[in-house]
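Asker:
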Amino acid sequence: MWFNSFSFWLFLAVVLLVYHRLGHRLQNRFLLLASYFFYGCWDWRFLFLILFTTAFDFFAARRIEASADATVRKYWVTASLVVELGVLGVFKYFGFFLTEFNRVLSVLGLEHWEPGFRLILPVGISFYTFQALSYTIDVYRGRTTPCRHFLDFALYISFFPQLVAGPIERSHHLLPQVENPRPRVSEALFREGLYLVITGLFLKVVIADNMAWLANFVFDAKPGELNGAEVLLGIYAFAFQIYGDFAGYSAIAIGVSKWMGFDLMENFRRPYFAANPREFWQRWHISLSTWLRDYLYIPLGGNREGEWKTRRNLILTMVLGGLWHGAAWTFVIWGAIHGVWLAIHRPWFARSPGGNGRGARLLGIVVTFHLVCLGWVFFRAESFGAAIALLSSLAAPWQFSDFLTTGICLMVFFLGPWLAFEFWMERQNDSARLLGLPWPIRVFAYLYALLMLLFFAAPKPVEFIYFQF
Amino acid sequence: MVSLVVALTALEAVSRVVEPRLSADVRQMLAQNEIADRVREAKNEDRASILVIGNSLARASILPDEIAVAIDSTEGKPPEVLYITPDASGINEWAAAYRKAFAPDLGVELPDLIIIVAGPWHLVDHAVSSPEKLSAYHVSSRDRLDVAWNWFSDIGARCRFALAGVSRLFANRERVQPLLFYGWVPGYEVTAQRLNQTSSLRAEDRSGRDEPASVRPADTTSRLELLLDSLGVEPEQVLIAAVPLPEHYKLPESVVSVARARGINVFTEAAEKEWPASAFPDGYHMSSEAGRAFSRELENFIRSRQNGGYQPSR
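First to last, the sequence lines map onto chains A and B. Positions 6 to 474 (our numbering) are the ones given, in order, by the first sequence. Positions 38 to 351 (our numbering) are the ones given, in order, by the second sequence.
#1: Going by the DSSP bridge assignment, what does B/Leu88 pair with across the sheet?
#2: Kindly list, in the order they appear in chain B, the residues whose Cβ is closer than 7 Å to that of A/Phe8.
#3: Suppose the cutoff is 8 Å on Cβ atoms and the five residues either side in sequence are ignored; what does the same chain contact list for B/Glu355 look like?
#4: Just verifying my parser: in three-state terms, what is the DSSP assignment at B/Leu276?
#5: State buried or exposed for A/Asp143, treating a residue as buried only when at least 16 other CB atoms are found within 10 Å of its CB.
#6: Looking at the structure shown, is B/Ile108 part of a helix, part of a strand, or coil, going by DSSP?
#7: Kindly identify the DSSP beta-bridge partner or partners of A/Phe243.
#8: Report the three-state DSSP secondary structure of A/Asn232 (helix, strand or coil).
#9: Does the CB of B/Trp221 have a neighbour CB from chain A at under 9 Å?
#10: Counting only beta-carbon atoms, is B/Ser60 nearer than 9 Å to chain A?
#11: Whether or not the region 331 to 339 of chain B and the region 296 to 314 of chain B are in contact is what I'm after, with contact meaning three or more pairs of Cβ atoms, one per stretch, closer than 8 Å; do they touch?
#12: Under 8 Å by Cβ, that's how I've got A/Leu201 and A/Ile259 pegged, so tell me the actual separation to the nearest angstrom.
#13: Below 6 Å CB to CB, which residues in the same chain sit around A/Ile257 once its five sequence neighbours on both sides are set aside?
#14: Relative to the alpha-carbon of A/Phe43, which residue among A/Trp286, A/Leu379, A/Leu160, A/Val210 has its alpha-carbon at the smallest distance?
#15: Excluding the five sequence neighbours on either side, which residues of its own chain have a C-beta within less than 7 Å of the C-beta of A/Ala392, listed in chain order?
#16: Please report the straight-line C-alpha distance between A/Val20 and A/Val190, rounded to a whole angstrom.
#17: Mind pulling the chain A residues with CB within less than 9 Å of B/Thr46?
#18: For B/Tyr174, which of B/Val63, B/Arg231, B/Leu119 has the nearest alpha-carbon?
#19: Does B/Pro223 pass the burial test, meaning 16 or more other C-beta atoms within 10 Å, or should it be called exposed?
#20: Starting from the Cα of B/Leu263, find the closest Cα among B/Ser98, B/Val292, B/Ala278 and give me that residue.
#21: Which residues in chain A sit within 9 Å of B/Arg342, going by Cβ to Cβ distance?
#22: Among the candidates B/Ile87, B/Asn92, B/Leu94, whose CA atom is the shortest distance from the CA of B/Glu103?
#23: Which same chain residues end up closer than 6 Å to A/Ala217 when comparing Cβ atoms and leaving out the 5 residues on each side of it in sequence?
#24: Could you confirm whether any beta carbon from chain A is found closer than 9 Å to the beta carbon of B/Ala307?
#25: Is the region 21 to 34 of chain A in contact with the region 271 to 290 of chain A, if contact means three or more CB pairs nearer than 8 Å?
#26: Could you check whether the Cβ of A/Pro445 sits closer than 9 Å to any Cβ belonging to chain B?
#27: Where do the ends of the beta strand (DSSP E) carrying B/Val303 lie?
#28: Do you know how far the Cα of B/Arg179 is from the Cα of B/Glu211?
#29: So, is the C-beta of A/Leu455 closer than 9 Å to a C-beta in chain B?
#30: Note down, in chain order, each residue of its chain lying with its Cβ closer than 8 Å to the Cβ of A/Val223, except the 5 sequence neighbours on either side.
#31: Of all Cβ atoms in chain A, is any one closer than 9 Å to the Cβ of B/Ile128?
#32: Exposed or buried, A/Cys46, counting other C-beta atoms within 10 Å across all chains shown (16 or more means buried)?
#33: Considering Cα atoms alone, identify which of A/Val77, A/Phe102, A/Leu93, A/Val210 is closest to A/Tyr133.
#34: Quick check on DSSP: helix, strand or coil for B/Lys80?
#35: Of all the CB atoms in chain B, is at least one closer than 9 Å to the CB of A/Phe222?
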């Protein structure tokens, strides 16, 4: 049940109709049922895995709270970490490590080990595992009070709008919204939700899916099939595909949640207007980057132990962040590129944190965008070799072709108005500025978005990229 | 919100006005609404009528002047040859469209000869390729609920079917992009063909050239049975003809047995023999010359089976 499918919107309509007729406790129970139904539509068997995660962390947090003994508290938080990361490791990384293990066996001249079974990756496992982990760690750190009701906690873990692809919520932000009665959905809240849902659908259906058409062609091409300019176009197309895809999903999740009185955290804030890597990670997948900062970078020592250790921590955090995305070396390299870049940029940023004027900022934006694109090549490529081959193709003669002219025209047509809109929001420094404008402008903007959704959706809907993580 | 709804309603009204200009396919589907009137007018003029049901393959291969002589006309008046042949259609669209125009309970005049022209898989049950087209142009209001309930396997398709029933803007939404891009984006046609071909090849490579079961045609013929049972004419007034394609083939046994069980003739000889490659200039549809030859073979077949041709039923 994808957010860009009719089934989802029908499901949501039923959920909203029932939800707003119930009191707070019943709302929670109903939302939990709806969330399990939503997840079960992919594969009902993995509901048992969510239930296990939920039950174990609920119990672990209660044990942590109940004990004044530091050793017992540490034991339970460690148990939570081992169990959660163990489950994630088994389902997500077993195949990866098996392949690498067999590679070592090959080098040693030994026979491959075949386990005789194949594990399916449960959708959204990386997201809800991190959300569950943040809860037990926060309880251990004393930042969150353990949840009293199991069903409330179960809803916190499996709240359907953000269950399969985030934003990864923190217990101190989402849990109180689950436990306490939520505000009635006012007209203003409904409008905010509508704005986010429409922009989210636009990003996904109009931008991401149409860019996927161009990007897939380039990334699936055989070496030598394309000239340098065509490859560059494909890389740009993927940069906007993944942005539209993921930012679109997040916007829909946040918008839909608003219609139920929930306030989820912002996950994207015009990331391609970032002028350096640090700023990029303050705008891209914010819920993950802040999670990595709070639960990995800072515990590793953060910037408290000197420059070199800070750089090591940055690289390590980003490499693990890369591995979080998927079990493949390409993701590790993607993380490493960002880690090294952040480490190199750090002293530079320390010298001039505010940038050096408009020209320097513009240059920063262009350079940052292209380095981000370099990372995307590894992120999207099937293998390290394929990524290198694609990057080498950039050196192939640049010439105009039908694909190139069509691609440029389509990018201008689909991305031009959106980037102009983002530029305007950036200038206003307000992501919801449109809501404050006079109604004729709003109607025009919504009408434009709706007609683009209607007439220019890609012929074949593309699955959300982040569902596979 | 209200302004948005008003604007969308205005656009819907505009879309209904410009609808016939969208494509020849749309004009053709809209013309289906007048087909029963044209049969009635032919009867009033003591002329026979021949209805050809199929898709673009039928249009290319059944030439009206050739097929018209298959029927003995009254007082030398040529029969009216009518077509229900929407592009990219199959048994779903044909059954729905025929029932919309000639359902038995409508009490309308029926054609004197009905020729159903199909390729190897058009007559067996398969998923509806475009719920929007089916809803907006082919299904009658009487059949709408039954079709929505029984002809689709997923909710998404049912929603599209329902929405297209009330909005032409929605039903024709996929026609706007090609209209704009083919005309205005340089190199779009070549690029679109290249990209779509590559993506299908890659998809085939990935799936090991195995078609998923959901898109493979079934061996059942429930829609064909629905169409045949809705025709309302004598079995000898109906003919199923297999249209020649670049590769010769036989109609599925299930189709032939369903037709024969109802006493309906099936003409497969032309499709079972080899045709020269020049008969299919675009690799799929027959040239007018080849279509003429096929129409003649069909005409001979009809005459041989009817001992002197069909008589207008009136």
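We put the beta carbon where it would ideally sit given N, CA and C, even for glycine.
Answerer: Let's see:
#1: Within the second sequence, the letter at position 51 stands for residue 88 of chain B. B/Leu119, B/Ile151.
#2: If you number the first sequence from 1, residue 8 of chain A lands on position 3. Residues of chain B passing the Cβ test: none, with the nearest at roughly 13 Å.
#3: Because chain B spans 38 through 351 in this model, residue 355 of chain B falls outside it and cannot be assessed.
#4: Taking the first residue of the second sequence as 1, we reach residue 276 of chain B at position 239. B/Leu276 falls in the strand class under three-state DSSP.
#5: Within the first sequence, numbered from 1, the residue matching residue 143 of chain A stands at position 138. That one is buried.
#6: By one-based count along the second sequence, residue 108 of chain B stands at place 71. Strand.
#7: On the first sequence, position 238 is the one that residue 243 of chain A refers to. None, per the DSSP bridge assignment.
#8: Along the first sequence, read from residue 1 onward, the residue named residue 232 of chain A stands at position 227. Looking at A/Asn232 - three-state DSSP - the assignment turns out to be coil, as it is neither helix nor strand.
#9: Here residue 221 of chain B refers to the residue found at position 184 of the second sequence. For B/Trp221, the answer is yes, since a Cβ of chain A falls inside 9 Å of its Cβ.
#10: Working through the second sequence from its first residue, we reach residue 60 of chain B at position 23. Chain A contact via Cβ: absent.
#11: yes
#12: Here residue 201 of chain A refers to the residue found at position 196 when the first sequence is read from its first residue. Here residue 259 of chain A refers to the residue found at position 254 when the first sequence is read from its first residue. A/Leu201 to A/Ile259, Cβ: 5 Å. Contact.
#13: As a position in the first sequence, residue 257 of chain A is number 252, starting the count at 1. These residues qualify, in order along the chain: Phe8, Val202, Gly205.
#14: Position 38 of the first sequence, counted from the start, is the residue given in the question as residue 43 of chain A. That would be A/Leu160, whose Cα lies nearest to the Cα of A/Phe43.
#15: Counting from one through the first sequence, the residue named residue 392 of chain A turns up at place 387. Hits under 7 Å: Thr335, Val382, Phe383, Ala386.
#16: Counting from 1 along the first sequence, the entry for residue 20 of chain A is found at position 15. Counting from 1 along the first sequence, the entry for residue 190 of chain A is found at position 185. Spanning the two alpha carbons is a distance of roughly 14 Å.
#17: The residue given as residue 46 of chain B occupies position 9 in the second sequence. The premise fails here: B/Thr46 is roughly 12 Å from chain A at the closest Cβ pair, so nothing lies under 9 Å.
#18: Indexing the second sequence from 1 puts residue 174 of chain B at position 137. Comparing Cα-Cα distances from B/Tyr174 to each of B/Val63, B/Arg231, B/Leu119, the minimum goes to B/Val63.
#19: Taking the second sequence and counting its residues from 1, one reaches residue 223 of chain B at position 186. Exposed, by the Cβ-count rule.
#20: On the second sequence, residue 263 of chain B is found 226 positions in, with the first residue counted as 1. Nearest C-alpha to B/Leu263: B/Val292.
#21: Start at 1 with the first residue of the second sequence, and residue 342 of chain B comes out as number 305. None at all; the shortest Cβ gap to chain A is about 44 Å.
#22: One-based indexing of the second sequence puts residue 103 of chain B at position 66. Among B/Ile87, B/Asn92, B/Leu94, the Cα nearest to that of B/Glu103 belongs to B/Ile87.
#23: Numbered from 1 along the first sequence, position 212 holds the residue referred to as residue 217 of chain A. Answer for A/Ala217: Gln246, Val467, listed in chain order.
#24: The sequence position of residue 307 of chain B within the second sequence is 270, counting from 1. No, B/Ala307 does not count as interfacial toward chain A.
#25: no
#26: Taking the first sequence and counting its residues from 1, the one referred to as residue 445 of chain A is at position 440. A/Pro445 counts as touching chain B.
#27: Taking the first residue of the second sequence as 1, we reach residue 303 of chain B at position 266. Start and end: 302 to 304.
#28: Translated into the one-based positions of the second sequence, residue 211 of chain B becomes position 174. Translated into the one-based positions of the second sequence, residue 179 of chain B becomes position 142. Going by the C-alpha atoms only, they are around 26 Å apart.
#29: By 1-based counting over the first sequence, the position of residue 455 of chain A is 450. By this cut-off, A/Leu455 is an interface position.
#30: Position 218 of the first sequence holds residue 223 of chain A. Within the same chain, A/Val223 has close Cβ partners Leu231, Glu235, Val236, Leu238, Gly239, Ile240, Ala242, Phe243, Leu395.
#31: Here residue 128 of chain B refers to the residue found at position 91 when the second sequence is read from its first residue. For B/Ile128, the answer is no, since every Cβ of chain A falls outside 9 Å of its Cβ.
#32: On the first sequence, position 41 is the one that residue 46 of chain A refers to. So A/Cys46 counts as exposed.
#33: Here residue 133 of chain A refers to the residue found at position 128 of the first sequence. Comparing Cα positions, the closest option is A/Leu93.
#34: Reading the second sequence from its first residue, position 43 is the one you call residue 80 of chain B. Helix at B/Lys80.
#35: Against the first sequence, residue 222 of chain A aligns to sequence position 217. Closer than 9 Å: yes.
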